[in-house]
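In full-length UniProt numbering, the protein residues as written are 1 to 261.
From the three backbone atoms N, C-alpha and C, an ideal C-beta is built for every residue, glycine too.
Taking it in order: structure first as C-alpha coordinates, then the write-up.
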(Lines of atoms letter the chains of each structure in order from A and count residues from 1; the text may use other names and numbers.)
(Lines give C-alpha, C1' and ligand atoms only; values in the text may rest on other atoms or scores of the structure.)
Protein backbone atom coordinates (compact mmCIF):
# COMPACT_ATOMS: atom_id res chain seq x y z
CA UNK A 1 0.00 0.00 0.00
CA UNK A 2 1.23 3.50 -0.82
CA UNK A 3 0.06 6.79 0.62
CA UNK A 4 0.52 10.20 -0.91
CA UNK A 5 3.44 11.99 0.69
CA UNK A 6 1.42 15.01 1.88
CA UNK A 7 -0.77 12.69 3.97
CA UNK A 8 2.01 10.96 5.85
CA UNK A 9 5.23 11.86 7.65
CA UNK A 10 8.65 10.88 6.39
CA UNK A 11 8.71 7.88 8.74
CA UNK A 12 5.79 6.09 10.35
CA UNK A 13 5.53 2.99 12.52
CA UNK A 14 2.02 1.69 12.98
CA UNK A 15 1.55 -0.94 15.72
CA UNK A 16 5.03 -2.40 15.13
CA UNK A 17 6.06 -5.56 16.98
CA UNK A 18 9.41 -7.33 16.97
CA UNK A 19 9.28 -10.69 18.73
CA UNK A 20 12.13 -13.12 19.29
CA UNK A 21 11.67 -16.71 20.43
CA UNK A 22 8.43 -18.53 21.19
CA UNK A 23 6.23 -19.44 24.15
CA UNK A 24 8.13 -19.15 27.45
CA UNK A 25 11.25 -17.81 25.72
CA UNK A 26 9.39 -15.10 23.81
CA UNK A 27 10.92 -11.63 24.02
CA UNK A 28 9.06 -8.60 22.70
CA UNK A 29 11.77 -6.19 21.65
CA UNK A 30 9.06 -3.87 20.29
CA UNK A 31 5.55 -4.14 21.63
CA UNK A 32 3.06 -2.39 19.34
CA UNK A 33 5.02 0.81 18.73
CA UNK A 34 3.47 3.82 16.98
CA UNK A 35 5.99 6.45 15.87
CA UNK A 36 5.95 9.38 13.43
CA UNK A 37 8.99 11.36 12.32
CA UNK A 38 8.61 14.35 10.03
CA UNK A 39 11.11 15.46 7.39
CA UNK A 40 13.72 17.77 8.90
CA UNK A 41 13.36 16.62 12.49
CA UNK A 42 16.27 15.85 14.82
CA UNK A 43 15.07 13.03 17.08
CA UNK A 44 16.98 11.37 19.91
CA UNK A 45 15.99 7.80 20.76
CA UNK A 46 16.89 6.83 24.32
CA UNK A 47 16.42 3.97 26.76
CA UNK A 48 18.37 1.42 28.80
CA UNK A 49 19.89 -1.73 27.35
CA UNK A 50 17.13 -4.02 26.11
CA UNK A 51 14.57 -1.23 25.88
CA UNK A 52 13.99 -1.61 22.14
CA UNK A 53 15.83 1.47 20.89
CA UNK A 54 18.39 -0.47 18.84
CA UNK A 55 15.70 -2.72 17.39
CA UNK A 56 13.78 0.41 16.39
CA UNK A 57 16.90 1.78 14.68
CA UNK A 58 17.52 -1.48 12.82
CA UNK A 59 13.98 -1.51 11.46
CA UNK A 60 14.21 2.18 10.51
CA UNK A 61 17.38 1.37 8.57
CA UNK A 62 15.81 -1.62 6.80
CA UNK A 63 18.40 -3.85 8.47
CA UNK A 64 15.63 -5.84 10.14
CA UNK A 65 11.90 -6.31 9.62
CA UNK A 66 9.03 -6.16 12.11
CA UNK A 67 7.27 -9.33 13.17
CA UNK A 68 3.97 -7.49 12.79
CA UNK A 69 2.78 -3.97 12.06
CA UNK A 70 3.57 -1.49 9.29
CA UNK A 71 6.59 0.70 8.54
CA UNK A 72 6.05 3.48 6.01
CA UNK A 73 8.92 5.48 4.52
CA UNK A 74 7.99 8.43 2.30
CA UNK A 75 4.53 6.95 1.99
CA UNK A 76 5.73 3.50 0.91
CA UNK A 77 4.93 0.38 2.94
CA UNK A 78 8.43 -1.02 3.46
CA UNK A 79 7.05 -4.45 4.33
CA UNK A 80 5.39 -4.70 0.91
CA UNK A 81 8.51 -4.10 -1.20
CA UNK A 82 11.15 -6.62 -2.23
CA UNK A 83 14.52 -7.18 -0.59
CA UNK A 84 16.25 -5.51 -3.55
CA UNK A 85 13.93 -2.51 -3.28
CA UNK A 86 14.75 -2.18 0.43
CA UNK A 87 18.44 -2.24 -0.46
CA UNK A 88 17.83 0.60 -2.93
CA UNK A 89 15.95 2.51 -0.24
CA UNK A 90 18.96 2.20 2.08
CA UNK A 91 21.35 3.19 -0.70
CA UNK A 92 19.47 6.28 -1.87
CA UNK A 93 17.73 7.66 1.22
CA UNK A 94 19.56 6.51 4.37
CA UNK A 95 22.99 7.34 5.75
CA UNK A 96 24.44 5.37 8.68
CA UNK A 97 26.86 6.47 11.41
CA UNK A 98 27.99 3.92 14.00
CA UNK A 99 29.86 4.05 17.29
CA UNK A 100 32.75 1.99 15.91
CA UNK A 101 33.30 4.15 12.77
CA UNK A 102 33.48 1.00 10.54
CA UNK A 103 36.16 2.41 8.26
CA UNK A 104 38.41 0.28 6.05
CA UNK A 105 41.73 0.44 7.88
CA UNK A 106 44.10 0.44 4.90
CA UNK A 107 41.96 2.75 2.80
CA UNK A 108 42.21 6.54 2.65
CA UNK A 109 39.53 8.87 3.96
CA UNK A 110 38.62 9.73 0.38
CA UNK A 111 38.25 6.09 -0.64
CA UNK A 112 36.21 5.27 2.47
CA UNK A 113 33.80 8.09 1.66
CA UNK A 114 33.52 7.01 -1.99
CA UNK A 115 32.37 3.47 -1.13
CA UNK A 116 28.58 4.07 -1.11
CA UNK A 117 28.83 5.69 -4.53
CA UNK A 118 30.49 2.61 -6.02
CA UNK A 119 27.34 0.64 -5.17
CA UNK A 120 25.32 3.30 -6.97
CA UNK A 121 27.39 2.87 -10.12
CA UNK A 122 28.84 6.39 -10.28
CA UNK A 123 31.99 7.02 -12.29
CA UNK A 124 35.30 7.72 -10.59
CA UNK A 125 35.34 11.46 -11.36
CA UNK A 126 31.86 12.01 -9.92
CA UNK A 127 32.69 9.85 -6.90
CA UNK A 128 35.80 11.90 -6.24
CA UNK A 129 33.93 15.20 -6.60
CA UNK A 130 31.20 14.17 -4.17
CA UNK A 131 33.65 12.68 -1.68
CA UNK A 132 35.75 15.86 -1.69
CA UNK A 133 32.64 17.92 -1.04
CA UNK A 134 31.50 15.65 1.80
CA UNK A 135 34.92 15.80 3.46
CA UNK A 136 34.86 19.58 3.11
CA UNK A 137 31.44 19.75 4.80
CA UNK A 138 32.73 17.82 7.83
CA UNK A 139 35.89 19.92 8.07
CA UNK A 140 38.48 17.44 6.82
CA UNK A 141 40.10 19.43 4.02
CA UNK A 142 43.69 18.24 3.67
CA UNK A 143 43.00 14.84 5.24
CA UNK A 144 41.73 13.14 2.09
CA UNK A 145 44.70 10.77 1.71
CA UNK A 146 45.03 9.88 5.40
CA UNK A 147 44.19 6.35 6.54
CA UNK A 148 42.17 5.80 9.75
CA UNK A 149 45.39 5.09 11.69
CA UNK A 150 46.58 8.60 10.80
CA UNK A 151 43.41 10.25 12.12
CA UNK A 152 42.12 10.94 15.62
CA UNK A 153 38.93 9.31 16.86
CA UNK A 154 36.98 12.48 16.19
CA UNK A 155 38.39 12.75 12.68
CA UNK A 156 37.54 9.11 11.98
CA UNK A 157 33.94 9.76 13.01
CA UNK A 158 33.90 12.78 10.71
CA UNK A 159 34.98 10.51 7.86
CA UNK A 160 32.13 8.17 8.79
CA UNK A 161 29.69 11.09 8.72
CA UNK A 162 31.07 12.20 5.34
CA UNK A 163 30.50 8.65 4.08
CA UNK A 164 26.90 8.88 5.30
CA UNK A 165 26.50 12.26 3.59
CA UNK A 166 28.06 11.50 0.24
CA UNK A 167 24.97 9.84 -1.23
CA UNK A 168 22.86 12.88 -0.24
CA UNK A 169 20.52 10.95 2.10
CA UNK A 170 17.16 12.10 3.36
CA UNK A 171 17.87 10.62 6.81
CA UNK A 172 21.01 10.05 8.87
CA UNK A 173 20.69 7.22 11.39
CA UNK A 174 23.36 7.70 14.06
CA UNK A 175 23.80 4.85 16.55
CA UNK A 176 25.82 6.02 19.59
CA UNK A 177 28.09 8.16 17.35
CA UNK A 178 29.97 9.63 20.33
CA UNK A 179 30.35 6.38 22.28
CA UNK A 180 34.08 6.01 21.52
CA UNK A 181 34.96 9.70 21.84
CA UNK A 182 36.07 11.98 24.65
CA UNK A 183 33.94 14.90 25.81
CA UNK A 184 35.46 17.52 23.52
CA UNK A 185 35.28 15.36 20.39
CA UNK A 186 31.73 14.32 21.29
CA UNK A 187 30.60 17.94 21.39
CA UNK A 188 32.24 18.56 18.00
CA UNK A 189 30.42 15.60 16.42
CA UNK A 190 27.07 16.59 17.91
CA UNK A 191 27.47 20.18 16.71
CA UNK A 192 28.20 18.81 13.24
CA UNK A 193 25.01 16.72 13.28
CA UNK A 194 23.02 19.76 14.41
CA UNK A 195 24.49 21.83 11.57
CA UNK A 196 23.63 19.15 9.01
CA UNK A 197 20.08 19.12 10.33
CA UNK A 198 19.54 22.87 10.52
CA UNK A 199 21.51 24.02 7.47
CA UNK A 200 20.91 21.17 5.03
CA UNK A 201 17.55 19.94 6.28
CA UNK A 202 18.72 16.36 6.78
CA UNK A 203 16.53 14.39 9.16
CA UNK A 204 18.65 12.97 12.00
CA UNK A 205 17.68 10.04 14.21
CA UNK A 206 20.16 9.61 17.05
CA UNK A 207 20.31 6.56 19.31
CA UNK A 208 22.07 7.40 22.57
CA UNK A 209 22.05 6.51 26.25
CA UNK A 210 23.51 9.89 27.23
CA UNK A 211 21.07 12.63 28.20
CA UNK A 212 23.73 15.24 27.41
CA UNK A 213 23.86 14.07 23.79
CA UNK A 214 20.07 13.81 23.56
CA UNK A 215 19.90 17.48 24.55
CA UNK A 216 21.10 18.42 21.07
CA UNK A 217 17.90 17.04 19.54
CA UNK A 218 14.62 18.91 19.29
CA UNK A 219 12.70 15.80 20.28
CA UNK A 220 13.45 12.84 22.54
CA UNK A 221 11.67 9.47 22.32
CA UNK A 222 12.40 7.19 25.28
CA UNK A 223 11.90 3.42 25.11
CA UNK A 224 11.38 0.99 27.98
CA UNK A 225 10.54 -2.72 27.70
CA UNK A 226 9.68 -2.43 24.01
CA UNK A 227 7.27 0.47 24.50
CA UNK A 228 7.59 4.22 24.05
CA UNK A 229 7.72 5.55 27.61
CA UNK A 230 7.76 9.23 26.62
CA UNK A 231 7.91 11.44 23.54
CA UNK A 232 8.93 15.01 24.33
CA UNK A 233 9.67 17.99 22.10
CA UNK A 234 11.39 21.29 22.71
CA UNK A 235 11.47 24.54 20.77
CA UNK A 236 15.24 24.61 20.20
CA UNK A 237 18.05 22.13 20.54
CA UNK A 238 20.52 22.68 23.36
CA UNK A 239 24.27 22.68 22.88
CA UNK A 240 25.91 21.66 26.18
CA UNK A 241 29.48 22.76 26.63
CA UNK A 242 32.30 20.31 27.25
CA UNK A 243 32.24 21.26 30.92
CA UNK A 244 28.49 20.69 31.17
CA UNK A 245 28.81 17.30 29.54
CA UNK A 246 31.72 16.26 31.74
CA UNK A 247 29.81 17.29 34.85
CA UNK A 248 26.97 14.97 33.77
CA UNK A 249 24.36 17.15 35.42
CA UNK A 250 22.07 17.81 32.47
CA UNK A 251 18.68 16.09 32.57
CA UNK A 252 17.05 18.04 29.73
CA UNK A 253 14.09 15.74 29.25
CA UNK A 254 13.18 15.18 32.88
CA UNK A 255 14.12 11.52 32.59
CA UNK A 256 14.45 9.35 35.66
CA UNK A 257 17.96 8.04 36.27
CA UNK A 258 16.90 4.43 36.00
CA UNK A 259 15.46 4.99 32.53
CA UNK A 260 18.09 7.20 30.94
CA UNK A 261 21.22 5.41 32.05
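Given that a residue counts as buried once 16 or more other Cβ atoms are within 10 Å of its Cβ, and exposed if not, what is residue i?
| i | result |
| --- | --- |
| residue 53 | buried |
| residue 127 | buried |
| residue 226 | buried |
| residue 27 | exposed |
| residue 211 | buried |
| residue 206 | buried |
| residue 164 | buried |
| residue 51 | buried |
| residue 63 | exposed |
| residue 222 | buried |
| residue 118 | exposed |
| residue 25 | exposed |
| residue 186 | buried |
| residue 20 | exposed |
Are residue i and residue j touching if we call contact CB-CB under 9 angstroms?
| i | j | result |
| --- | --- | --- |
| residue 234 | residue 167 | no |
| residue 16 | residue 32 | yes |
| residue 40 | residue 197 | yes |
| residue 97 | residue 175 | yes |
| residue 181 | residue 159 | no |
| residue 177 | residue 85 | no |
| residue 56 | residue 30 | yes |
| residue 189 | residue 172 | no |
| residue 150 | residue 130 | no |
| residue 66 | residue 224 | no |
| residue 12 | residue 101 | no |
| residue 202 | residue 170 | yes |
Only counting the same chain, and skipping five residues up and downstream in sequence, which positions put a Cβ closer than 7 angstroms to that of residue i?
| i | result |
| --- | --- |
| residue 108 | 144, 145, 146 and 147 |
| residue 14 | 34, 69 and 70 |
| residue 103 | 112, 148, 156, 159 and 160 |
| residue 254 | For residue 254, the predicted structure reports a pLDDT of 38, less than 50, and the residue's modelled location is therefore unreliable. The matter cannot be settled from this model. |
| residue 90 | 61 and 62 |
| residue 38 | 9 and 10 |
Tell me which residue opens and which closes the beta strand (DSSP E) that residue i is part of.
| i | result |
| --- | --- |
| residue 95 | 94-98 |
| residue 134 | Element bounds for residue 134: not the beta strand (DSSP E) but the alpha helix (DSSP H), 124-137. |
| residue 150 | From DSSP, residue 150 is part of no beta strand (DSSP E); its letter is neither H nor E. |
| residue 220 | 219-224 |
| residue 53 | Note, residue 53: premise wrong, no beta strand (DSSP E); alpha helix (DSSP H) at 53-60. |
| residue 227 | 227-233 |
| residue 171 | 171-175 |
| residue 30 | 27-37 |
| residue 203 | 203-207 |
Can you find the residues in the same chain that come closer than 6 angstroms, C-beta to C-beta, to residue i, ignoring five residues on each side of it along the sequence?
| i | result |
| --- | --- |
| residue 193 | 204 |
| residue 214 | 44, 46, 208 and 220 |
| residue 18 | 29, 30, 55, 66 and 67 |
| residue 36 | 9 and 12 |
| residue 231 | 221 |
| residue 92 | none |
Hey, quick one: how far does the alpha helix (DSSP H) through residue i stretch, first residue to last?
| i | result |
| --- | --- |
| residue 142 | Counting along the chain, residue 142 falls outside any alpha helix (DSSP H), and DSSP gives it neither H nor E. |
| residue 192 | 183-200 |
| residue 119 | 109-119 |
Beta-carbon within less than 8 angstroms of residue i's beta-carbon, same chain only, minus the 5 sequence neighbours each way: which residues are those?
| i | result |
| --- | --- |
| residue 141 | 135 |
| residue 59 | 13, 16, 18, 30, 65, 66 and 71 |
Worksheet entry | At least three beta-carbon pairs within less than 8 angstroms, the segment 67-85 to the segment 151-158 | no
Worksheet item: If you pair each beta-carbon of the segment 34-51 with each one of the segment 208-228, do three or more pairs fall below 8 angstroms?
Response: yes
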